[in-house]
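Here our numbering is used: position 217 in the sequence shown is 1342, and no number is missing along the way.
Have a look at the structure below, then the notes.
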Amino acid sequence: MSATYLMPTYNRQPISFTRGSGSWLYTHNDTAYLDALTGIAVCGLGHCHPQVTEAIQQQAATLVHTSNLFGIDWQERAGEALCTAAQMDSVFFANSGAEANEAALKMARLYAHNKGFKRPKVIVMEQSFHGRTLLSLSATANPKARAGFFTLDDDFIRLPFGDIEAIEQAACDNDEICAIFVEPIQGEGGLNTAANGFSYLEQLQAICDAHDWLFMIDEVQTGNGRTGKYFAYQHSSARPDVLTTAKGLGNGFPVGACLARGRAKDLFGAGSHGSTYGGTPLASRVVHSVYEVLSHSDIMQNSINEGQFIRNNITAQLKQYGVTSRGAGTMIGIVLPENMDCSQLVDLARDEQQLIINVTGGHVIRLLPPLNIKRDESEQVVERLVKVLKPRL
Ligand SMILES: Cc1ncc(COP(=O)(O)O)c(C=O)c1O
């Protein structure tokens, strides 16, 4: 087959996989690749996790879709589970990260509307990535993704990630700010963490509370155990008003969620937002199965242990070349020297070592292995990556 009929929205790698199991992907001739990317932080429980597969199979044979015009038992169960895990009050189910973020940003606008604002603004960060629907794209920093789309730039104030003073200045200069929207760790933007780590979120919440803005966190990539807590904000004492998630939420099944708390909980009313597919019986049962696995196992602790093991061992072997690491849990950035040519690394890792990785922010290798990666697989990630990097450093 060829991609002739597909819109060329991706520069695809010259490989495809026909089967996956745990940390491994297999080609049609059964060559095994060690997957340290998991579909960009999606298959956190590994490929085809048995409990998730069983949930999909059983529900597909029972009831796939009705409509949000009716009660949906599995949606209610998944909603309760997710609100419990996220310490939030209510949830709207969508089908992707961008859709979840679109819901959050619409909530911020409603919040501003209720205050009588005429031209509300949301503070977002440099290097942020929030998706590709028009509002979430407007919140996104990436110039390549934004180019040509007449993004809604007047609706956002973009400030440096981690810079509290810049936000305080913005608060003095503008009286129609209604929210801050931030990723706890910037995934697409280069695995960026704030200088003071997750305490940054506490500072942001304090500013939001002082000004009566909504504090909104994008956990599309950091959520569902990826950083070693169910949600990354739980590494701090901060509490968001709005939290979005997707990716690991369905372990590969497309689903997203926008959760709200306190003053944000009842912003949406009947008819103010919706989605034909959001929270189908099938999607909701999958969400519930992921929750069951995450909350009744030591998988998040494993994410912390193995993430630390991979980071420590790679940096121990490559620190003399200026290689460092950052991130949390199995959200790992291996930071290479800025002058290194990283353009071929993804291909080299794949073709020489059968290792699937990603490079972001120009010179940061992004590793997002399954949270339940086994120790011998972590050893192989280290060994294979070091073999690719060492001769080129
Ligand atoms: C932090 C963050 N937000 C939003 C998105 C968009 O999610 P989706 O591709 O599911 O629309 C992504 C995707 O990479 C992301 O990393």
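Don't be surprised by glycine CBs; every beta carbon is placed ideally from N, CA and C.
Please read these numbers as outputs of a predicted model, since none were measured by experiment.
Open item on the list: Could you check whether LEU1374 and VAL1415 sit closer than 8 Å to each other, using their CB atoms as the reference points?
Closed with: LEU1374 is positioned such that its CB atom lies closer than 8 Å to that of VAL1415.
- [ ] Starting from the N-terminal side, write out each stretch of the alpha helix (DSSP H) that is 4 residues or longer and does not extend beyond the stretch 1303-1381.
- [x] 1324-1336
Open item on the list: Rounded to whole angstroms, what is the Cα-Cα separation between THR1338 and GLN1346?
Closed with: Per the sequence shown, the amino acid found at residue 1338 is Trp instead of Thr. Whole-angstrom Cα-Cα distance: 24 Å.
- [ ] Compute every distance between the C-beta of ASP1472 and the non-hydrogen atoms of ligand 1, then say whether any falls below 7 Å.
- [x] no
Open item on the list: Which residues does DSSP list as the beta-bridge partners of ASP1160?
Closed with: ILE1481
Task: Among CYS1168, THR1156, ASN1136, ALA1229, nearest to ARG1351 - alpha-carbon criterion - done: The residue with the shortest Cα to Cα distance from ARG1351 is CYS1168.
Open item on the list: Pop quiz: ILE1219 and ALA1211 are said to be a contact at Cβ under 8 Å. What is the actual Cβ separation, rounded to whole angstroms?
Closed with: Before going on, a small fix: residue 1219 reads as Ala here, not Ile. About 15 Å; that fails the 8 Å criterion.
Task: For PHE1281, the three-state DSSP class (helix, strand or coil) - done: strand
Task: Bridge-paired residues (DSSP) for HIS1172 - done: Answer is GLY1147.
Task: Helix, strand or coil at LEU1131 [DSSP, three-state] - done: coil
Task: Sub-8 Å separation of PHE1281 and VAL1247 beta-carbons - done: yes
TODO: From the DSSP output, in three-state form, read off GLY1458 for me.
DONE: strand
Open item on the list: Let me make sure I understand the geometry here. Which of VAL1506, LEU1284, ARG1234 has the alpha-carbon closest to that of LEU1392?
Closed with: ARG1234
TODO: Could you tell me whether the Cβ atoms of LYS1364 and ARG1386 are closer together than 8 Å?
DONE: Note on identity: in this sequence residue 1364 is Arg, with Lys being the wrong assignment. Cβ atoms of ARG1364 and ARG1386: closer than 8 Å.
- [ ] Would you mind working out which of GLY1164, ARG1144, LEU1162, ILE1165 sits nearest ASP1155, comparing C-alpha positions?
- [x] Of all alpha-carbon atoms in GLY1164, ARG1144, LEU1162, ILE1165, the one lying nearest the alpha-carbon of ASP1155 is that of ARG1144.
Task: Per-residue DSSP class, three states only, for PHE1242 - done: coil
Task: Member of TRP1199, THR1401, LEU1493, LEU1170 whose CA lies at the smallest distance from the CA of ALA1185 - done: TRP1199
Open item on the list: Do ARG1283 and MET1250 have their beta-carbon atoms positioned less than 8 Å apart in this structure?
Closed with: yes
TODO: Specify, as a first and last residue, the run of the beta strand (DSSP E) that THR1209 falls within.
DONE: THR1209 -> not in any beta strand (DSSP E); alpha helix (DSSP H) instead, spanning 1198-1211.
- [ ] To the nearest angstrom, report how far apart ILE1530 and THR1187 are at their CA atoms.
- [x] Past the edges of the chain, shown from 1126 to 1518, lies residue 1530, and the structure says nothing about it.
Open item on the list: Quick check on this structure: which residue in CYS1467, ILE1457, ASN1464 has the alpha carbon closest to the alpha carbon of ALA1161?
Closed with: Nearest C-alpha to ALA1161: ILE1457.
Task: Span separating the alpha-carbon of GLU1293 from that of ASP1300 - done: 12 Å
Open item on the list: Short of 6 Å in beta carbon distance, which residues of its chain neighbour LEU1260, apart from the five on each side in sequence? Order them along the chain.
Closed with: GLU1227, LEU1230
TODO: For the alpha helix (DSSP H) containing SER1263, list its first residue and its last residue.
DONE: 1259-1264
Open item on the list: Within 10 Å of its beta-carbon, does VAL1411 have 16 or more other beta-carbons around it, so buried, or fewer, so exposed?
Closed with: buried
Open item on the list: What does the alpha-carbon distance come out to for the pair TYR1515 and GLY1377?
Closed with: It should be noted that the sequence gives Lys, not Tyr, for residue 1515. Between LYS1515 and GLY1377, the C-alpha separation is close to 33 Å.
- [ ] Would you give the residue range spanned by the beta strand (DSSP E) that LEU1492 belongs to?
- [x] 1489-1492
Open item on the list: Given this structure, state the Cα-to-Cα distance separating VAL1216 from GLN1445, to the nearest angstrom.
Closed with: So the alpha carbons of these two residues sit roughly 48 Å apart.
Task: Exposed unless 16 or more other CB atoms sit within 10 angstroms - verdict on LEU1480 - done: By the 16-neighbour rule on beta-carbons within 10 angstroms, LEU1480 is buried.
Open item on the list: Quick check on DSSP: helix, strand or coil for CYS1467?
Closed with: coil
- [ ] Quick one: grab the DSSP three-state call for SER1450.
- [x] strand
Open item on the list: Rounded to the nearest angstrom, what separates CYS1297 and LYS1240 at their Cα positions?
Closed with: 18 Å
- [ ] Indicate the three-state DSSP secondary structure (helix, strand or coil) for ILE1140 in the structure shown.
- [x] It is coil, neither helix nor strand.
Task: Buried/exposed call for ALA1441, threshold 16 Cβ in 10 Å - done: ALA1441 is exposed by the Cβ-count criterion.
Task: Proximal residues to GLU1502 (C-beta, below 7 Å), its chain only, five neighbours per side dropped - done: SER1148, LEU1159
Open item on the list: So, under 8 Å CB-CB, ASN1497 and GLY1171 are touching, yes? Tell me the CB distance rounded to an integer number of Å.
Closed with: Confirmed, about 6 Å.
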